[in-house]
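Colleague: Got a structure for you, questions after.
There are 4 protein chains.
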Amino acid sequence: MNSENDPGSKYFDSETTDRERAIFEGAITLGALYHQFMGTPVRNEKALEGAIKESALAHPYIESAKVQVIKSEKKENTPYSYPELSENMLEITLVAEYRSARAEVELRYIRELEYPLMYIKQVQG
Amino acid sequence: MNSENDPGSKYFDSETTDRERAIFEGAITLGALYHQFMGTPVRNEKALEGAIKESALAHPYIESAKVQVIKSEKKENTPYSYPELSENMLEITLVAEYRSARAEVELRYIRELEYPLMYIKQVQG
Amino acid sequence: MNSENDPGSKYFDSETTDRERAIFEGAITLGALYHQFMGTPVRNEKALEGAIKESALAHPYIESAKVQVIKSEKKENTPYSYPELSENMLEITLVAEYRSARAEVELRYIRELEYPLMYIKQVQG
Amino acid sequence: MNSENDPGSKYFDSETTDRERAIFEGAITLGALYHQFMGTPVRNEKALEGAIKESALAHPYIESAKVQVIKSEKKENTPYSYPELSENMLEITLVAEYRSARAEVELRYIRELEYPLMYIKQVQG
């Protein structure tokens, strides 16, 4: 998406930098994806990854997306033994671009924090 | 899934019929899918349909699933013009089977009701 | 809600009984609530219970709702130590009524099944 | 929450400024809230506002939250005439603080864009 003609920019604090805007758009998308898909019953990791990736790319200024749904062990073979997408089963890397700036943001479950951390991996521009 | 050995059945009212149980399982799944996926940004209808279908089939006693995400018109070409899955964009038909019974349940937006109605299309057994 | 004049009934299999319809409506609502609210960050159990209960009562033919969000232990005092609503933290009991029939349905995490089971507790009529 | 001892900071690009981090945390929370609650059946706006606000304040580094669920007109008095939370019914203002920086971010439906825009209202520090 071309960010030269952004009809939304006039609503932003005029001191917002392109770096900050790229970070902002990447962060919205990470938060959105996590909370949209958490709890989804999982039978086919690839199909769910594909839908999450396409949803990511629909968001404004997201240029690329990598998504991994981590396979969870089935404990027993009962009708109730399927996994639901949970905090330690989802990894996402997004690149958001706004004019000259590029932010790479990531979601990953960090065992040390016992938390699905979203963080800024790298910003350029 | 084999419903002969259902470790969950003892929690149900013992007068529950197989027909009622099949209806119950189909209805849970319709409610679950609708509220799990409503609001998802849509870029690729097929990818989203695939994920919803696979999620449906993970649910207990769901034997088959048909899912259609209805294409929404893009109004303009701005970064903000993508559709989000909304009440009149999703159609689902599920078959739930429990022992000898089979319930076909459906979600479809009914223009007359201005409502995404979930209904029992047919029950057998 | 009065179920005598139901503009949706004509979409249902004409052999659907009132009992089956009450079960159907209760089940939709359990599935909907679970997947709408799973993953919600929890700071105030009572506020979340209230919102889930009101959402339940908005659904067609739901006459009463009891909701419990079970307090989860905070492990440490870091910004990342809040709980998100997960499968073993939510208990719901609903009564759905359709004409002469009344279905009491429930969601409860069953330790034996390692599963948040939805079941029909009692049907009358 | 004290941001002096942030066990997550080492995962961030070391050039991330406090301003950028405050923006990042505010944006995650806006994206999360929107996609968590979109589609919720609404009967009591105040109860839903309360739950969304408490969920906002659970997120790391969110210092204050204002939430408004805009009342939607009921068209008719049928069991199917309740509203579901949709893109033009939710307004959120959040303040995120990280060390010396403070970002005020907002979600509001912008009629001109036909879009629920999330934007940076003001950044300080």
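Protein chains in written order, with the numbering used here: chain F, 12 to 136; chain S, 12 to 136; chain B, 12 to 136; chain W, 12 to 136.
Just so you know, even glycine gets a beta-carbon here, dropped at the ideal spot from N, CA and C.
Predicted model only: the values in this text are computed from it and were never measured.
Inspect the beta-carbon positions of F/L65 and S/A58 and report whether they are closer than 8 Å.
Modeller: Per the sequence shown, the amino acid found at residue 65 of chain F is Glu instead of Leu. Yes; because the gap between Cβ atoms is below 8 Å, this pair is in contact.
Colleague: In three-state terms, what does DSSP make of F/E36?
Modeller: helix
Colleague: So B/T40 and B/I63 are supposed to be a Cβ contact under 8 Å. How far apart are they, rounded?
Modeller: Contact doesn't hold; Cβ gap of about 11 Å is too wide.
Colleague: Examine the Cβ distances between the region 114-130 of chain S and the region 17-35 of chain B and report whether three or more of them are shorter than 8 Å.
Modeller: yes
Colleague: With a cut-off of 8 Å, does the C-beta of S/E60 fall near any C-beta of chain W?
Modeller: no
Colleague: Is F/P127 near F/E98, with beta carbons less than 8 Å apart?
Modeller: yes
Colleague: By Cβ distance, which residues of its chain are closer than 6 Å to B/P52, with the 5 residues on each side in sequence left out?
Modeller: Y93 and E95
Colleague: According to DSSP, is S/S75 part of a helix, a strand, or is it coil?
Modeller: Reduced to three states, the DSSP call for S/S75 is strand.
Colleague: In terms of DSSP beta bridges, what is F/M49 paired with?
Modeller: Partner(s): none; F/M49 has no beta bridge.
Colleague: Taking just the CA atoms, how far does B/S25 sit from B/H70?
Modeller: Those two C-alpha atoms are separated by around 22 Å.
Colleague: Looking at F/I103 and F/V134, is the spacing between their C-beta atoms short of 8 Å?
Modeller: no
Colleague: Where does B/L96 fall in DSSP's three states?
Modeller: coil
Colleague: CB-CB under 7 Å to W/G136, same chain, minus the five flanking residues each way: which ones, in chain order?
Modeller: Counting only Cβ-Cβ distances below 7 Å, and skipping sequence neighbours, we find D29, R30, S111, A112 and R113.
Colleague: So with Cβ pairs under 8 Å, would you call W/R54 a contact of chain B?
Modeller: yes
Colleague: In or out: W/D87 buried (at least 16 other Cβ within 10 Å) or exposed?
Modeller: Going by the sequence as given, residue 87 of chain W is Glu instead of Asp. With fewer than 16 Cβ atoms within 10 Å of its Cβ, W/E87 is classed as exposed.
Colleague: At 8 Å on the CB atoms, spell out the chain F contacts of B/Y91, in chain order.
Modeller: L124, E125, Y126 and L128
Colleague: Mapping the DSSP letters down to three states, classify W/Y91 as helix, strand or coil.
Modeller: coil
Colleague: At which residues does the beta strand (DSSP E) containing F/L118 begin and terminate?
Modeller: A112 to I121
Colleague: Looking at F/Q47: is its Cβ nearer than 8 Å to the Cβ of S/G50?
Modeller: yes
Colleague: With 8 Å as the threshold, decide whether the Cβ of F/G19 is near any Cβ in chain W.
Modeller: Yes, because at least one Cβ of chain W sits closer than 8 Å to the Cβ of F/G19.
Colleague: Could you name the residues of the same chain whose beta carbon sits closer than 6 Å to that of B/I81, not counting the 5 residues immediately before and after it, in chain order?
Modeller: M100
Colleague: Note down, in chain order, every chain S residue with its Cβ under 7 Å from the Cβ of W/G50.
Modeller: H46, M49 and G50
Colleague: State yes or no: is the beta carbon of F/Y22 nearer than 8 Å to at least one beta carbon in chain S?
Modeller: no
Colleague: Our contact map puts S/R54 next to F/L105 with C-beta atoms below 8 Å; I'd like the distance itself, whole angstroms only.
Modeller: About 14 Å; that fails the 8 Å criterion.
Colleague: First and last residue of the beta strand (DSSP E) that includes F/I131?
Modeller: Y126 to Q135
Colleague: Under the rule that 16 or more other beta-carbon atoms within 10 Å means buried, what is W/E123, buried or exposed?
Modeller: exposed
Colleague: With distance defined between alpha-carbon atoms, name the residue in B/E125, B/K21 and B/G42 nearest to B/I131.
Modeller: Closest by C-alpha distance to B/I131, out of B/E125, B/K21 and B/G42, is B/G42.
Colleague: Can you find a C-beta in chain B that's less than 8 Å from the C-beta of W/A114?
Modeller: Interface with chain B (8 Å Cβ-Cβ cutoff): W/A114 is excluded.
Colleague: Can you check whether the C-beta of B/E98 is within less than 8 Å of a C-beta belonging to chain F?
Modeller: Output row for B/E98: interface = yes.
Colleague: So the alpha helix (DSSP H) F/E65 belongs to, where does it begin and stop?
Modeller: E56 to A69
Colleague: Just by C-beta distance, which residues in the region 64-87 of chain S are closer than 7 Å to chain F?
Modeller: If the cut-off is 7 Å between Cβ atoms, the region 64-87 of chain S has E65, S66, L68, A69, H70, P71 and Y72 near chain F.
Colleague: Could you give the first and the last residue of the continuous beta strand (DSSP E) run that contains S/I103?
Modeller: L101 to Y109
Colleague: Find out if the Cβ-Cβ distance for the pair B/D17, W/P18 is shorter than 8 Å.
Modeller: Cβ distance not < 8 Å, so B/D17 and W/P18 don't count as in contact.
Colleague: Along chain W, in chain order, which residues have C-beta atoms closer than 8 Å to that of F/E134?
Modeller: Sequence inspection shows Val at residue 134 of chain F; the Glu mentioned does not correspond to that position. Here the neighbours are D24, E26, T27 and E31.
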